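Report on the structure given below.
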Amino acid sequence: METFIIAAIIGVIIGIFSGLLGIGGGTLMVPIFRLGFGMSAISSTATSLFTIIPTSLAGLITHVKNKTCIPKVGVLCGLGGACTSPLGVYLASISPSWAIMFAAAAIIGYSSYSMFRKAIRMPKIAPQGESAVTGKDLEKEAEKAARAAQAAQAQAAQAAQAAAVQDEGQTGTTKAAANTTKTASAPKEETFKLSVKKVALCLLIGLIAGLASGYVGVGGGFIMVPLFISLLGIMMRQASGTSLVAVTILAIPGVVEQGLLGHIDYIAGIAMAVGSIPGAVIGASLIRKVPERKLRFVFGAFLLISAVVLLFNELLPLFV
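In this note's numbering, the protein residues as written are 129 to 448.
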């Protein structure tokens with residue numbers, strides 16, 4: 129019972145960070161299970177993978193409701209990953225503990241680097257006094273924009289009256305042009321089409337992510353999100369949600385195999401999931417209240433320290 133409560137509390141904290149920063153919890157859960165709970169390397173990755181399914185599913189539901197994902201891409205990647213995640217589990221089961229944790233530390237270290245890079249690129253938040261002035265300026269700009277919009281509407285009305293005087297042929301041409309303009313301005317997200325090449329890329333991305341997910345016990349979003357953007361041309365705000373679709377699918381075969389091998393600590397895994405789901409909701413609600421730039425620096429430092437400690441914990445016994 130004590131383990132359940134502690135894991136649930138840690139799950140809430142992980143969920144808050146996940147909701148605030150839009151990251152998966154695997155990079156945090158693996159070192160916590162290994163260093164904090166004293167699990168074996170394979171059990172740490174297995175329990176992390178088990179926990180990822182309910183947490184990803186909870187996030188996926190939100191993305192589907194908000195239409196911030198492309199389900200068909202996620203399903204294809206998930207099916208590809210489902211073929212290789214059991215292979216990743218098998219490779220982990222025959223690998224020495226230090227090899228598994230070395231791979232995990234490398235991924236956590238990369239996540240730390242990404243966190244620092246994004247934080248450096250983010251603009252610094254202005255002091256409170258400057259923010260107040262900026263707010264007034266924005267109000268003035270909004271008033272100017274409103275007056276400009278009214279003037280534009282008046283001009284549009286005059287143009288419409290002038291157009292009504294023209295003959296029917298000209299009017300028909302004008303309507304056709306208006307329809308063409310309306311079609312051209314439709315959201316590009318809705319026109320995403322899968323070609324044979326894109327289908328192959330989706331499957332390939334899924335194969336790679338599934339192998340990493342099964343071996344290290346992380347979701348694989350760190351692989352999929354940048355590849356979705358660079359290779360498939362998916363918008364950033366849709367890439368994260370699409371990766372959750374894939375993760376929910378590709379993790380299932382790996383979890384089944386880990387369960388059959390007896391590597392999963394179900395009590396800690398369920399408790400972590402129970403805590404992380406509401407934690408993610410809390411984190412999402414705090415996005416506008418917490419300075420994200422500073423938070424990314426702090427979290428990046430925490431990930432870096434975790435990666436270093438994880439490495440020393442595994443490699444030091446090899447040389448002593």
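Where is the CB? At the ideal position from N, CA and C, for every residue including glycine. Just so it is clear, the structure is predicted and the values come from calculations on it, not from any experiment.
Using a 10 Å radius around the Cβ and a threshold of 16 neighbouring Cβ atoms, would you call residue i buried or exposed?
i	result
residue 388	exposed
residue 343	buried
residue 162	buried
residue 401	buried
residue 131	exposed
residue 365	exposed
residue 447	exposed
residue 416	exposed
residue 351	buried
residue 369	buried
residue 228	buried
residue 169	buried
residue 346	buried
residue 426	exposed
residue 287	With a pLDDT of 49 at residue 287, under the threshold of 50, the modelled position of this residue cannot be trusted; read the value that follows with caution. Classification of residue 287: exposed, given that the 10 Å Cβ count is below 16.
residue 440	exposed
residue 429	exposed
residue 177	buried
Helix or strand or just coil, what does DSSP make of residue i?
i	result
residue 196	coil
residue 406	helix
residue 391	coil
residue 146	helix
residue 252	coil
residue 321	coil
residue 162	helix
residue 360	coil
residue 154	helix
residue 345	coil
residue 229	helix
residue 400	helix
residue 365	helix
residue 417	coil
Going by alpha carbons, who is nearest to residue i out of the options?
i	options	result
residue 144	410, 356, 445	410
residue 217	371, 196, 134, 172	172
residue 207	408, 339, 238, 170	339
residue 184	252, 322, 371, 233	371
residue 321	336, 360, 209	360
Should residue i and residue j be called a contact, given that it needs their Cβ atoms to be closer than 8 angstroms?
i	j	result
residue 435	residue 181	no
residue 155	residue 167	no
residue 179	residue 348	no
(request) Evaluate contact between the segment 402-422 and the segment 214-223, counting only Cβ atoms and requiring at least three cross-stretch pairs below 8 angstroms. (result) Contact between the segment 402-422 and the segment 214-223 is not established, with fewer than three Cβ pairs separated by less than 8 angstroms.
(request) For the segment 244-251 and the segment 363-381, state whether three or more C-beta atom pairs, one from each stretch, are separated by less than 8 angstroms. (result) The answer is no - the segment 363-381 does not touch the segment 244-251, with fewer than three Cβ pairs under 8 angstroms.
(message) Whether or not the segment 153-162 and the segment 328-338 are in contact is what I'm after, with contact meaning three or more pairs of Cβ atoms, one per stretch, closer than 8 angstroms; do they touch?
(response) Note that the segment 328-338 does not touch the segment 153-162; fewer than 3 beta-carbon pairs, one per stretch, sit closer than 8 angstroms.
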